[in-house]
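K.L.:
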Amino acid sequence: MPSSDPHLAEGYAEVLLAREFQLLVDEVRKRLGEDAVSKVRDAYELAESCHAGQMRKSGDPYLIHPLRVARTLCGLGLDAASVVAGILHDTVEDSELTVPDLTDRFGREIAMLVDGVTKLGKVPYLSRRENQAVSFRKMLVAMSRDIRVLLVKLCDRLDNMRTL
Numbered sequence: 037m038p039s040s041d042p043h044l045a046e047g048y049a050e051v052l053l054a055r056e057f058q059l060l061v062d063e064v065r066k067r068l069g070e071d072a073v074s075k076v077r078d079a080y081e082l083a084e085s086c087h088a089g090q091m092r093k094s095g096d097p098y099l100i101h102p103l104r105v106a107r108t109l110c111g112l113g114l115d116a117a118s119v120v121a122g123i124l125h126d127t128v129e130d131s132e133l134t135v136p137d138l139t140d141r142f143g144r145e146i147a148m149l150v151d152g153v154t155k156l157g158k159v160p161y162l163s164r165r166e167n168q169a170v171s172f173r174k175m176l177v178a179m180s181r182d183i184r185v186l187l188v189k190l191c192d193r194l195d196n197m198r199t200l
């Protein structure tokens, strides 16, 4: 549990992040190899700067969430690009980072996955029925372009349901 003492809470957050990151690295190393670990480390560094100071409703550092999303994707047997997109899935939405920035640093494939996840989550406020129809339509479009976009989004939602 996070402490009300800011110094203890900061220490708790660092330990929690280090643990989550190590669990992800171990899983990626086992399933995808060292090249993928290098990409994951690079994505972690970028996500860490994009989400600096952000907290979850639980009081945990925000970065815990994308790390868990990425670990779920890895555990499902997805490729390195999907795992990296899991780490970065909220960076464009939550910071000044742009899709071209992601393309420059990680390549078009990862940038397009992150962009797809970001767009899939943006549904205007409509009635519940209209909202469901729009969500379903967006899901079908995302699947037709790249099923991995939908898988990242589903892992995102799964982690939110488990933790919020």
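Numbering of the sequence shown is given in the numbering used here, commencing with residue 37 and proceeding in unit increments. Cβ coordinates follow ideal geometry from the N, Cα and C atoms, glycine included. Everything numeric in this text was worked out from a predicted model, so none of it was measured.
Kindly indicate which three-state DSSP category Met37 falls into: helix, strand or coil?
P.N.:
Here the model assigns Met37 a pLDDT of 47, short of 50, so the residue's position is not dependable and the matter cannot be decided.
K.L.:
Measure the alpha-carbon distance for Glu81 versus Leu99 and round it to whole angstroms.
P.N.:
Approximately 10 Å, taken between the alpha carbons.
K.L.:
Here's the rule: buried if 16 or more other CB atoms are within 10 angstroms of the residue's CB, otherwise exposed. What is Thr154?
P.N.:
Buried, by the Cβ-count rule.
K.L.:
Tell me whether Tyr98 counts as near the ligand HEM, meaning its Cβ is closer than 8 Å to at least one heavy atom of that ligand.
P.N.:
Only the bare structure without any ligand can be found here, which leaves the ligand HEM out of the picture.
K.L.:
For the alpha helix (DSSP H) that Lys93 lies in, which residues bound it at each end?
P.N.:
Here Lys93 belongs to no alpha helix (DSSP H), and DSSP marks it neither H nor E.
K.L.:
In chain order, what residues of the same chain lie with their CB nearer than 6 Å to the CB of Ser118, ignoring the 5 residues before and after it?
P.N.:
Counting only Cβ-Cβ distances below 6 Å, and skipping sequence neighbours, we find Leu109, Arg184.
K.L.:
Which value, in whole angstroms, describes the spacing of the CA atoms of Thr134 and Arg104?
P.N.:
Thr134 and Arg104: Cα-Cα distance of roughly 23 Å.
K.L.:
Within 10 Å of its beta-carbon, does Thr127 have 16 or more other beta-carbons around it, so buried, or fewer, so exposed?
P.N.:
Buried, since its Cβ has 16 or more Cβ neighbours within 10 Å.
K.L.:
Entirely within the region 72–157 and at least 4 residues each: give me those alpha helix (DSSP H) ranges in chain order.
P.N.:
The region 72–157 contains these whole alpha helix (DSSP H) runs: 100–111, 116–124, 127–130, 135–142, 144–156.
K.L.:
Closer than 8 Å by C-beta to Ala147: which residues in its own chain qualify, once you throw out the five before and the five after it? Chain order, please.
P.N.:
Val135, Pro136, Leu138, Thr139.
K.L.:
Given a cut-off of 9 Å, decide if Leu59 and Arg92 are closer than it, judged by their beta-carbon atoms.
P.N.:
No, they are not a contact pair.
K.L.:
What does the alpha-carbon distance come out to for the pair Glu129 and Lys66?
P.N.:
About 31 Å.
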